[in-house]
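A.B. asks: Numbers in our numbering are just positions in the sequence shown, counted from 1, shifted up by 97.
One structure, pasted below without further comment.
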Amino acid sequence: MSKRPLVVLCGPMGSGKSAVGRRLATLLEVAVLDTDTAVEERAGRSIATIFAEQGEAEFRELEHAAVFEALHGHDGVVSLGGGAVVHPGTRAELAAFREAGGIVVFLDVSSRYAMLRVGHDPARPLLHVGGRNPREHWEHLMAQRRPVYTEVSSHVLRTDRRTPGALARDIVTWVERA
Ligand code: S3P
């Protein structure tokens, strides 16, 4: 394993990582690797099932392994699950990637726009626990994680009211300059 990604996308659920990642990969003519998909393929079960049967801690370990493999074995675009940055090992990996000149983009979004994208998605277990509504869960997680997204990223893009294509074109200019 000695490849490294052209771009890593991070940010909360509903920030557009998957859609932007696909458009960006098309523009750069590379493949996109989504760590949620990698975890599901490796585990042979959905993220919702992993959360329900094994719990979040186990999911985070599977996710960390998927991120490690992506950062060292994929030379296209990598889209991280929204909570991947909570794992200290993943933060350390991202810091090393950035120090070596890697581009990590934080896709920032308001809760309003995030909810339009994922507010009703039952496949996102962290939005559907306890008594709170999905938007409250999302805002709570985002308040905790915003400093971490900021810490691990080299660039920030606000995605409200912008299309995946326009966002991907901004990122291409950063890749061309790097
Ligand atoms: C999570 C985000 C999800 C997925 C899992 C947990 C989180 O990924 O990894 O449901 O903790 O924010 P997306 O950000 O791709 O929805």
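All C-beta atoms, glycine included, are put in the ideal place defined by N, C-alpha and C.
Specify, as a first and last residue, the run of the alpha helix (DSSP H) that LEU191 falls within.
C.D. replies: Note, LEU191: alpha helix (DSSP H), 185-196.
A.B. asks: By the DSSP assignment, the alpha helix (DSSP H) with HIS252 in it spans what residues?
C.D. replies: Unbroken run through HIS252 is the beta strand (DSSP E), 252-255; no alpha helix (DSSP H).
A.B. asks: Who are ASP277's beta bridge partners in DSSP?
C.D. replies: The question about residue 277 has no answer here: the residues shown for the chain are numbered 98 through 275.
A.B. asks: Nearest by alpha-carbon distance to ALA265: which of LEU224, LEU204, LEU213 is it?
C.D. replies: Closest option to ALA265, Cα to Cα, is LEU204.
A.B. asks: Hey, would you say the C-beta of LYS114 is under 7 Å away from at least one heavy atom of the ligand S3P?
C.D. replies: Yes, the beta carbon of LYS114 sits closer than 7 Å to at least one heavy atom of the ligand S3P.
A.B. asks: Straight-line CA distance for SER207 to THR256?
C.D. replies: Cα to Cα, SER207 sits roughly 8 Å from THR256.
A.B. asks: Compare the C-alpha of MET110 against each of LYS100, MET239, GLY262 and name the closest.
C.D. replies: When only C-alpha atoms are compared, the closest one is MET239.
A.B. asks: What first and last residue would you give for the alpha helix (DSSP H) that runs through ASP267?
C.D. replies: Residues 261-274.
A.B. asks: Report whether the distance from the Cβ of ARG119 to the nearest heavy atom of the ligand S3P is below 7 Å.
C.D. replies: ARG119 Cβ: outside cutoff for every heavy atom of the ligand S3P.
A.B. asks: Could you tell me if THR247 is buried or exposed, where buried requires 16 or more neighbouring beta carbons within 10 angstroms of its beta carbon?
C.D. replies: So THR247 ends up on the exposed side.
A.B. asks: Report the three-state DSSP secondary structure of ALA164 (helix, strand or coil).
C.D. replies: Note that residue 164 is Val in the sequence shown here, rather than Ala. VAL164: helix per DSSP, three-state reduction.
A.B. asks: Quick check on ARG221: buried or exposed, where buried means 16 or more other Cβ atoms within 10 Å of its Cβ?
C.D. replies: Answer is buried; the Cβ neighbour count reaches 16.
A.B. asks: Counting C-beta neighbours from all protein chains within 10 Å, is the total for HIS217 16 or more, i.e. buried, or is it exposed?
C.D. replies: Exposed: under 16 other Cβ atoms inside 10 Å.
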